[in-house]
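Just so you know, the sequences run in chain order G and Y.
Take 1 as the starting number for the first sequence in this note's numbering and just add one per residue.
Take 1001 as the starting number for the second sequence in this note's numbering and just add one per residue.
Since the structure comes first, as structure tokens, the remarks are kept for the end.
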Amino acid sequence: AQRVTQPEKLLSVFKGAPVELKCNYSYSGSPELFWYVQYSRQRLQLLLRHISRESIKGFTADLNKGETSFHLKKPFAQEEDSAMYYCALTGTASKLTFGTGTRLQVTL
Amino acid sequence: DAGVIQSPRHEVTEMGQEVTLRCKPISGHNSLFWYRQTMMRGLELLIYFNNNVPIDDSGMPEDRFSAKMPNASFSTLKIQPSEPRDSAVYFCASSLEGIQYFGAGTRLSVL
């Protein structure tokens, strides 16, 4: 079975502060991990995937197989980063399993 | 490309009525997914199709829910009869090469 855990429902940080959104997963094989983001009044969209090893909008995420984690990080939070963030996993099948999401709130 | 198109955007209905949600995936995508989003349970996969064939419907909550994909460009999710606890946002997504693209969702309110 595949499972994704996002322990924080809400993360509130000040503008300019570092951000880390936690994600842990459970999967017996080699998973592919994603972060999706949903800005206010917009549709859910892909932020980044671990195989790309990219930095998108200043965000990065490293897959740590030993700790089964895929935390999302950004060194300096911006107001426009306020959104709902979902960590997701896919295994051998096409289906994505999502975590319950973390709402990031960036305040001045 | 307009992306994944869902209709209606909002639906308000009374308990016991039939509700049909519609989805047009992105052309060329061979997988389609239906999700339900609630505050309590987050995003839940209801069912997904590969090449118009249902692959996994284990997330469909009850027999009241059914989904079809008669062709590569159209899918429906039907709830009959609807109940207040079905109130949620229903998302459709299509995928290509492992990346899912979501529609804007249908916000369903069952009174």
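Note that the Cβ used here is the ideal one computed from N, Cα and C, for glycine as well.
Fair warning: this is a prediction, and the values are worked out from it, not measured in the lab.
query	result
8 Å Cβ cutoff met for G:Val-37 and G:Lys-74	no
Per-residue contacts from Y:Phe-1065 into chain G (C-beta, under 9 Å)	Chain G residues near Y:Phe-1065: none, gap ~17 Å exceeds 9 Å.
Coarse secondary structure for Y:Glu-1083, derived from DSSP in three states	coil
Bridge partner(s) assigned by DSSP for Y:Asp-1056	Y:Tyr-1048
Test: Y:Leu-1045 CB closer than 8 Å to a CB of chain G	yes
Supposed close pair Y:Val-1110, Y:Ser-1082 - CB separation, criterion 8 Å	5 Å
Those residues which DSSP pairs with Y:Gly-1016 across a bridge	Its beta-bridge partners do not exist; DSSP assigns none.
G:Asn-64 versus G:His-71 - alpha carbon distance	9 Å
Interface flag, Y:Gly-1042 vs chain G, CB-CB below 8 Å	yes
Between the CA atoms of G:Ala-77 and Y:Phe-1033 - distance to the nearest angstrom	32 Å
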